[in-house]
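Asks: Pasting a structure here, questions to come.
Protein chains: 2
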Amino acid sequence: MFAMPRAATTTDVFNAIAEPRRREIIGVLGDGKAHAVGELVHRLHMPQPAVSKHLGVLRKVGIVSRRRHGQRRLYRLNAEELRPVHDWVKAYQRFWAHQLDRIKERAERKAAERLDSKRRQDKDEEEKPW
Amino acid sequence: MFAMPRAATTTDVFNAIAEPRRREIIGVLGDGKAHAVGELVHRLHMPQPAVSKHLGVLRKVGIVSRRRHGQRRLYRLNAEELRPVHDWVKAYQRFWAHQLDRIKERAERKAAERLDSKRRQDKDEEEKPW
DNA sequence: TTGACATATTCCCATATAGGAATATAATAT
DNA sequence: ATATTATATTCCTATATGGGAATATGTCAA
């Protein structure tokens, strides 16, 4: 009876932004202004129902807010909802940001210097030593 | 006949990290050291096949590397692969980090206080002005 | 009213899960 | 050789998609 398939996109922010088109939508809304559905349809070259559906997902998660303006619906980004993602991934920033401005990332341990080469593990090289 | 369902988790990093358990695994591997599957099974209280499958996904995307050590498989984080996520979400950091301190981000606490009413837009308040 | 416009919703469907159980493969130990 | 340990893979299934098409809802204008 307990069949737990893939996590629902409406579950959390991580799932919501997993969709490329939704990230595109967020990208347009990234200017902080309100945008009508039709404008998104036009700028992103996406069918209108698709845009509405994706906006619905984003709204359910809280990433966007909706306002009514005449016969249009204006959507606006609630960027704070993206903060959990930023906070999560920020913890791994030290692995690639050695040389980053000391101002921001002041000597975050030298543990990352061991990342010499970026290897993709194909079957051929999967047994190669690190 | 073109039925394009959800994007495959093995497609890109965003989908790979959408799974909570996979983020847990990444969390353990976040120390930069190599970990055996069994250790992850023990520490995360997950069934072994589940761990192996999730590691398979992470490996396909490039987030982890695999090494052989005796009869064990040691997995290690390729944190640089998380950089696209960081770069993407970083663009929205400005929305909640207005008062970001030049030297450090101590002032984040202030910004956190501003997150007073995290409003989910239900039908009742969906027409409320911003 | 009617009609045009803007957006949302419903229906159908092919596909990709993620979990569980069982099994397979691989390496080591006896 | 067999047994044990460690990990991977296969099979199954319930579910949640995301796209397309059609339709419904809602708003404004004449």
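So the protein lines, in turn, are chains Y and V. Once you know that position 37 of the first sequence is 23 in our numbering, the rest is easy, because the numbers rise by one and skip nothing. Once you know that position 9 of the second sequence is -5 in our numbering, the rest is easy, because the numbers rise by one and skip nothing. Ideal Cβ placement from N, Cα and C applies to all residues, glycine included.
#1: List the residues of chain Y whose Cβ lies closer than 8 Å to the Cβ of His72/V, in chain order.
#2: Specify the secondary structure class of Ala65/V as computed by DSSP and reduced to three states.
#3: Which residues of chain Y have a Cβ atom closer than 9 Å to the Cβ of Gly56/V, listed in chain order?
#4: So is Arg9/V in contact with chain Y if we call contact Cβ pairs under 8 Å?
#5: Answer yes if the stretch 20 to 40 of chain Y comes into contact with the stretch 38 to 45 of chain V, meaning at least three C-beta pairs across the two stretches below 8 Å, and no otherwise.
#6: In the structure shown, what three-state DSSP assignment does Ala4/Y receive?
#7: Measure the alpha-carbon distance for Val47/Y versus Glu67/Y and round it to whole angstroms.
#8: How is the alpha helix (DSSP H) around Arg45/Y delimited, first residue to last?
#9: Tell me the rounded alpha-carbon separation between Val50/Y and Gln57/V.
#10: Looking at the C-beta of Asn1/V, does it have a partner C-beta in chain Y at a distance below 8 Å?
#11: Is Ser21/V near Leu15/V, with beta carbons less than 8 Å apart?
Replies: Walking through what the data contain:
#1: As a working mapping, residue 72/V is identified with position 86 in the second sequence. Result: His72, Val75, Lys76, Tyr78 and Gln79.
#2: Here residue 65/V refers to the residue found at position 79 when the second sequence is read from its first residue. Here Ala65/V sits in helix by DSSP.
#3: Counting from 1 along the second sequence, the entry for residue 56/V is found at position 70. None at all; the shortest Cβ gap to chain Y is about 13 Å.
#4: As a working mapping, residue 9/V is identified with position 23 in the second sequence. Output row for Arg9/V: interface = yes.
#5: no
#6: Working through the first sequence from its first residue, we reach residue 4/Y at position 18. Correct three-state label for Ala4/Y: coil.
#7: Along the first sequence, read from residue 1 onward, the residue named residue 47/Y stands at position 61. Along the first sequence, read from residue 1 onward, the residue named residue 67/Y stands at position 81. So the alpha carbons of these two residues sit roughly 8 Å apart.
#8: The residue labelled residue 45/Y in the question sits at position 59 within the first sequence. It spans Gln34 to Val47 - the alpha helix (DSSP H) in which Arg45/Y sits, taken as one unbroken run.
#9: For the purposes of this step, residue 50/Y is taken as the residue at position 64 of the first sequence. For the purposes of this step, residue 57/V is taken as the residue at position 71 of the second sequence. If I take the Cα positions, the gap works out to 49 Å.
#10: Mapped onto the second sequence, residue 1/V falls at position 15. Interface residue, yes.
#11: Numbered from 1 along the second sequence, position 35 holds the residue referred to as residue 21/V. Numbered from 1 along the second sequence, position 29 holds the residue referred to as residue 15/V. Correcting the residue type first, residue 21/V is His in the shown sequence and not Ser. Yes, Cβ-Cβ distance for His21/V and Leu15/V is below 8 Å.
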